[in-house]
Amino acid sequence: MSRATANLYASLALAELAAHAELRDDLDGALAHIDAAFGRALKNRSLEAALGDFHLPSLAALRARVLAALGRTDEALAELELLAQKYPAYAFATGAALLVRVLVALRLGDRALARSLADSRGDDTYLPRH
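The sequence shown lines up with residues 327 to 456 when you count with our numbering.
Right under this line is the structure:
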């Protein structure tokens, strides 16, 4: 197996571990897995290009959501901005941004805004339990 292939599979596996850690409310663990997944995916340019349509923006969206759930709201919003700039064609960007904004509103104590944002979501957008 080539090094690029190994990094591809490692990044995908680490992303799955991050998603499972988030579901278990192990947010620090999820963040560590996300950062490791990014590290593996960005090891070479061809791999970065291959993963740029879905995997990398999904990681960025997950990272923003985990940061928001951890209460690191400024970092979460910065990650959303980076997602919009770096991956403008990401199909799930709107839903990801909504989720992060709901979590940020809750962390800042603005329940009315969080409720309003949650009510504006489509049927295909879920809200995590954090």
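Backbone N, C-alpha and C fix where the C-beta goes; we use that ideal spot for every residue, glycine too.
Length of the line joining the Cα atoms of residue i and residue j
| i | j | result |
| --- | --- | --- |
| Glu348 | Met327 | 30 Å |
| Ala422 | Leu388 | 8 Å |
| Leu313 | Arg398 | Residue 313 lies beyond the range of the chain shown here (327 to 456); nothing can be said about it. |
| Ile360 | Pro383 | 12 Å |
Cβ-based neighbour list, residue i, same chain, cut-off 8 Å, excluding 5 preceding and 5 following
| i | result |
| --- | --- |
| Ser446 | Leu424 |
| Asp354 | Leu396 |
Opening and closing residue of the alpha helix (DSSP H) in which residue i lies
| i | result |
| --- | --- |
| Phe364 | 353-367 |
| Asp400 | 399-412 |
| Ser372 | 371-377 |
For residue i, the nearest candidate out of the options (CA to CA)
| i | options | result |
| --- | --- | --- |
| Leu429 | Ala390, Tyr416, Leu408 | Ala390 |
| Leu373 | Thr331, Ala345, Gly355 | Thr331 |
| Arg350 | Leu382, His381, Val392, Asp361 | Val392 |
Beta-carbon proximity of residue i to residue j, cut-off 8 Å
| i | j | result |
| --- | --- | --- |
| Ala431 | Ala419 | no |
| Leu340 | Ala363 | yes |
| Val426 | Leu406 | yes |
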